[in-house]
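J.: Residue numbers (this note's numbering), protein chains in the order written: chain A, 23 to 355; chain B, 23 to 355. Input: one structure, supplied below.
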DNA sequence: AAACGAAATGTTAGCGATAAAGATCAGGGA
DNA sequence: TCCCTGATCTTTATCGCTAACATTTCGTTT
């Protein structure tokens with residue numbers, strides 16, 4: 023900057039201002055500065071800027087996994103909004119592990135993000151302490167925690183699953199099965215299972231639970247789990263899967279065996295993945311509005327960080343109600 | 023740090039050292055420092071560290087899209103290796119647009135990453151200039167550019183597609199169709215199309231091209247495109263899709279119409295997505311080893327940045343040969 | 001006991017930007 | 001003419017850490 027200042031004949035401060043949109047620099051001077059800077063191959067150094075101004079423009083987010091999951095959509099929604107506001111997303115993968123999450127949160131906080139977004143409402147005590155004392159907005163997503171750390175953008179996984187079970191009952195199912203991964207770490211999966219069990223018991227439906235593979239369970243595990251379900255003694259009217267990917271795997275296993283869906287077995291998924299719409303038959307699913315969770319979170323943060331909204335004023339809980347999408351896998355057409 | 027130093031009775035420098043693994047601090051002193059720091063709720067400030075040490079620990083990567091694409095796997099492979107080496111990935115989405123890429127590269131370089139990974143080998147002139155003069159290792163992935171900026175980890179999309187066409191011919195196909203998105207921006211898609219055309223002409227096969235939707239084209243577009251192909255006058259023996267997702271869409275459209283795959287029409291995809299393996303019939307696909315591209319890139323960068331490998335010594339081009347995976351969608355079983 | 005080298009710790013200065021406050025200047029009104 | 005106002009630009013002093021070099025400590029060796 024000093025070199026540019028010398029070349030243009032102004033002070034470094036003016037060069038600094040020229041690189042930021044808002045501040046007062048003469049239009050002629052700014053043009054000249056930017057042009058000379060480009061010629062000299064100068065690239066602005068955010069590192070120094072961040073230190074002095076105590077603003078990094080980072081928003082950190084921890085997610086369990088990017089692959090085969092709705093979280094990619096959430097990140098996309100978040101990123102679109104934040105990028106437009108000049109904020110950079112810092113991503114960390116917890117791999118469905120709360121200890122890994124704690125480590126990650128600590129790492130990310132060292133970068134001095136201006137806000138922190140986490141997936142789910144279960145964290146280690148130390149992670150909660152770190153988040154609380156960071157002095158920045160914290161958003162928990164994809165869940166409605168009992169005692170939230172800060173803001174919340176999400177929905178109740180258990181309630182959503184209850185609604186799904188009610189749908190299956192009204193479609194005529196009496197004997198259900200739930201296909202999910204090991205609960206270890208996947209609290210959202212565990213909540214869905216809990217909602218499933220509660221609803222099944224309340225409605226006096228028979229049910230069984232099948233768990234295999236560590237999350238995120240994918241198409242392959244869904245197919246393998248369906249083998250167990252179909253081979254078991256007790257027959258089943260409907261299987262509910264923790265995600266559409268598992269549901270699709272289950273569907274293909276039925277097709278492989280010539281088991282008709284939905285006439286012999288209904289199949290329901292979760293997440294409104296593309297596959298739910300394109301599969302034959304279409305998969306009944308619960309649309310959690312993954313991308314909306316991200317964009318809503320982004321809008322909240324932009325309002326707090328750049329819009330001048332008071333931390334105390336902003337609504338603490340943003341409920342995003344999932345939408346049940348009924349399709350051919352649970353209803354004959 | 024000064025506060026901690028005072029509390030422990032050492033100099034700030036010693037505290038600074040205690041927070042970095044390698045440097046020489048007495049084991050007793052280090053333990054004490056870390057404990058007091060934790061009690062005081064101190065969180066290390068990377069921002070200042072980065073400025074002074076001129077090392078940020080960032081590796082920036084630009085990818086076209088995270089959703090419905092193999093790039094998520096590449097990012098995962100890259101992240102796993104880099105995270106283990108203490109490096110943080112900075113992600114940017116170009117949305118299949120070279121101008122957006124240029125803007126993004128400039129933004130990311132301001133953060134002073136220690137290396138830069140980009141997808142593909144086509145960039146604006148200014149982007150190339152920025153990358154070249156950044157003075158950091160640059161890796162182009164998912165392509166083998168004619169005139170690379172720095173390092174390369176990838177394969178020839180055109181060659182891969184040629185091999186696919188050869189496979190289809192040997193499987194008995196004479197009349198082909200290619201389904202892809204608009205070329206605008208998706209150079210890898212365009213390269214695949216080019217390879218398809220070249221191979222078809224060389225082998226004297228009839229062919230047609232169907233393009234619709236902006237990349238990344240997904241299952242829905244694949245199904246829509248298949249409508250066009252099946253409705254057209256001239257019959258087709260095999261369709262090649264720019265990705266497995268489109269191929270799966272095409273497959274469902276065939277099933278919806280009762281067109282037998284592969285007996286009436288063969289279908290081939292690209293990318294070895296999970297769906298290719300689970301679909302019925304399985305989709306013949308080209309496994310580009312998406313994740314390996316990421317991890318190989320990560321290993322290269324760790325060697326360069328932390329392993330002391332000389333920039334000049336390292337191999338410039340890392341070829342990752344795609345693997346043809348033949349399945350039921352092109353070969354009767 | 002003196003000399004020595006390695007390990008542990010301290011001192012000084014500065015990374016490259018910007019917050020905050022002050023200086024300069026053109027144009028307009030009294 | 002003089003004062004005032006707002007726009008534009010400058011000066012000074014850090015932000016929180018660490019490179020580079022200086023110094024102390026302490027176990028060994030002669």
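Glycine included, each C-beta is placed from N, C-alpha and C at the ideal position.
So who's on the other strand from residue 197 (chain A), going by DSSP bridges?
T.: Paired residue(s): A:228.
J.: Look at residue 133 (chain A) and residue 70 (chain A) and say whether their C-beta atoms are less than 9 Å apart.
T.: No, the Cβ-Cβ distance between residue 133 (chain A) and residue 70 (chain A) is not below 9 Å.
J.: Could you tell me the alpha carbon to alpha carbon distance between residue 25 (chain A) and residue 152 (chain A), rounded to whole angstroms?
T.: One C-alpha to the other measures close to 41 Å.
J.: How about residue 322 (chain B) and residue 334 (chain B): are their beta carbons less than 9 Å apart?
T.: Cβ atoms of residue 322 (chain B) and residue 334 (chain B): not closer than 9 Å.
J.: Tell me where the beta strand (DSSP E) around residue 93 (chain A) begins and ends.
T.: It is not in any beta strand (DSSP E) - residue 93 (chain A) instead sits in the alpha helix (DSSP H) that spans 93-106.
J.: What is the DSSP secondary structure of residue 162 (chain A), counted as helix, strand or coil?
T.: Strand, per DSSP.
J.: In this structure, how does DSSP classify residue 293 (chain A) when only helix, strand and coil are distinguished?
T.: It is coil, neither helix nor strand.
J.: Helix, strand or coil for residue 85 (chain A) per DSSP?
T.: Residue 85 (chain A) falls in the strand class under three-state DSSP.
J.: Of the residues that make up the segment 278-298 of chain B, which ones have a beta carbon closer than 8 Å to any beta carbon in chain A?
T.: Residues passing the 8 Å Cβ filter: 278, 296 and 297.
J.: Considering Cα atoms alone, identify which of B:338, B:74, B:155 and B:99 is closest to residue 312 (chain B).
T.: Ranking the options by Cα distance to residue 312 (chain B), first place goes to B:99.
J.: Can you find at least 3 beta carbon pairs, one from the segment 84-93 of chain B and one from the segment 50-58 of chain B, that sit closer than 8 Å?
T.: Touching, no.
J.: Per DSSP, residue 248 (chain A) forms a beta bridge with which residues?
T.: Paired residue(s): none; residue 248 (chain A) is not in a bridge.
J.: From what residue to what residue does the alpha helix (DSSP H) around residue 183 (chain A) run?
T.: Per DSSP, residue 183 (chain A) belongs to the alpha helix (DSSP H) from 179-192.
J.: Quick one: measure Cβ to Cβ for residue 243 (chain B) and residue 271 (chain B), integer angstroms, because I've assumed they're closer than 8 Å.
T.: At roughly 7 Å, the Cβ-Cβ gap stays under 8 Å, so residue 243 (chain B) and residue 271 (chain B) are in contact.
J.: Excluding the 5 residues preceding and the 5 following residue 189 (chain A) in the sequence, name in chain order all residues of the same chain whose CB lies nearer than 8 Å to its CB.
T.: So the qualifying residues of the chain are 290, 306, 346, 348 and 352.
J.: Pull up the DSSP beta-bridge partners for residue 347 (chain A), would you.
T.: In DSSP, residue 347 (chain A) forms a bridge with A:307.
J.: Taking beta-carbon pairs under 8 Å, can you tell me which members of the segment 229-241 of chain A lie near chain B?
T.: Flagged, chain order: 240 and 241.
J.: Which chain A residues sit within Cβ distance under 8 Å of residue 112 (chain B)?
T.: What residue 112 (chain B) touches in chain A: 110 and 112.
J.: For the alpha helix (DSSP H) holding residue 73 (chain B), just list the boundary residues, first then last.
T.: Run containing residue 73 (chain B): 68-75, per the alpha helix (DSSP H) assignment.
J.: On the premise that residue 261 (chain A) lies in contact with residue 249 (chain A), defined as a C-beta separation below 8 Å, what is that separation, rounded to the nearest angstrom?
T.: Not really, about 12 Å apart at Cβ, beyond 8 Å.
J.: Is there contact here, the segment 219-230 of chain A with the segment 159-179 of chain A, by at least three beta-carbon pairs under 8 Å?
T.: No, they do not touch.
J.: Can you pull the chain A residues whose beta carbon is under 9 Å from the beta carbon of residue 63 (chain B), in chain order?
T.: What residue 63 (chain B) touches in chain A: 151, 152 and 155.
J.: Could you give the distance in angstroms between the alpha-carbon of residue 17 (chain B) and the alpha-carbon of residue 136 (chain B)?
T.: Within the shown structure, residues of chain B are numbered from 23 to 355, placing residue 17 (chain B) beyond reach of any answer.
J.: Can you tell which of A:109, A:91 and A:102 has its C-alpha closest to the C-alpha of residue 115 (chain A)?
T.: Considering only alpha carbons, the answer is A:91.
J.: Going along the chain, which residues of its own chain have a beta-carbon closer than 6 Å to the beta-carbon of residue 202 (chain B), five neighbours each way excluded?
T.: If we look at residue 202 (chain B) and ignore the five residues flanking it on each side, its Cβ neighbours are 211, 215, 233 and 264.
J.: Given that residue 95 (chain B) touches chain A, what residues does it touch there, using C-beta distances under 7 Å?
T.: Here the neighbours are 89.
J.: Between the alpha carbons of residue 340 (chain A) and residue 138 (chain A), how many angstroms are there, rounded?
T.: Each residue's alpha carbon lies about 16 Å from the other.
J.: Can you give the Cα-Cα distance for residue 117 (chain A) and residue 128 (chain A), rounded to whole angstroms?
T.: Spanning the two alpha carbons is a distance of roughly 16 Å.
J.: Taking the C-alpha atoms as reference points, what is the distance between residue 225 (chain A) and residue 199 (chain A)?
T.: So the two alpha carbons sit approximately 14 Å from each other.
J.: Quick one: is residue 347 (chain A) near chain B, going by C-beta distance under 9 Å?
T.: With 9 Å as the cut-off, residue 347 (chain A) does not count as an interface residue toward chain B.
J.: Closer than 6 Å by C-beta to residue 124 (chain A): which residues in its own chain qualify, once you throw out the five before and the five after it? Chain order, please.
T.: Counting only Cβ-Cβ distances below 6 Å, and skipping sequence neighbours, we find 146, 148 and 149.
J.: Over what stretch of residues does the beta strand (DSSP E) that includes residue 114 (chain B) continue unbroken?
T.: First-last of the beta strand (DSSP E) with residue 114 (chain B): 110-115.
J.: Answer yes or no: does any C-beta atom of chain B fall closer than 9 Å to that of residue 132 (chain A)?
T.: Taking Cβ atoms only, chain B reaches closer than 9 Å to residue 132 (chain A), which makes this a yes.
J.: Below 9 Å between beta carbons: does that hold for residue 240 (chain A) and residue 267 (chain A)?
T.: Taking 9 Å as the Cβ cut-off, residue 240 (chain A) and residue 267 (chain A) qualify as a contacting pair.
J.: Check the Cβ of residue 185 (chain B) against every Cβ in chain A and list those closer than 9 Å, keeping chain order.
T.: Result: empty, since nearest Cβ-Cβ is about 26 Å, beyond 9 Å.
J.: Would DSSP call residue 78 (chain A) helix, strand or coil?
T.: In this structure, residue 78 (chain A) counts as coil in the three-state DSSP scheme.
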